[in-house]
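Working notes, structure below.
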Ligand code: FES
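As structure tokens, then:
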């Protein structure tokens, strides 16, 4: 499931990062590079991706 198109970051990587480093969005951006280019995927209604970063973090927390 694509979370960031610019940097080709998928949900599995977000989930792993949340597991290891917590759910702070800036920390997750730093670790995975998600959201660091066009910033579309920082918005919940971004249409370039399957699961924008804020929603991906939320889902990771629910699944962990
Ligand atoms: S889609 Fe994530 S920074 Fe562009």
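In my numbering, the protein residues as written are 1 to 64.
For each residue, glycine too, the CB sits at the ideal point set by N, CA and C.
Through-space distance from residue 49 to residue 4, alpha-carbon basis: Each residue's Cα considered, the two are about 6 Å apart.
Using beta-carbon positions only, say whether residue 51 and residue 23 come within less than 9 Å of one another. No.
What residue does the alpha helix (DSSP H) around residue 53 start on, and which one ends it? Element bounds for residue 53: 53–63.
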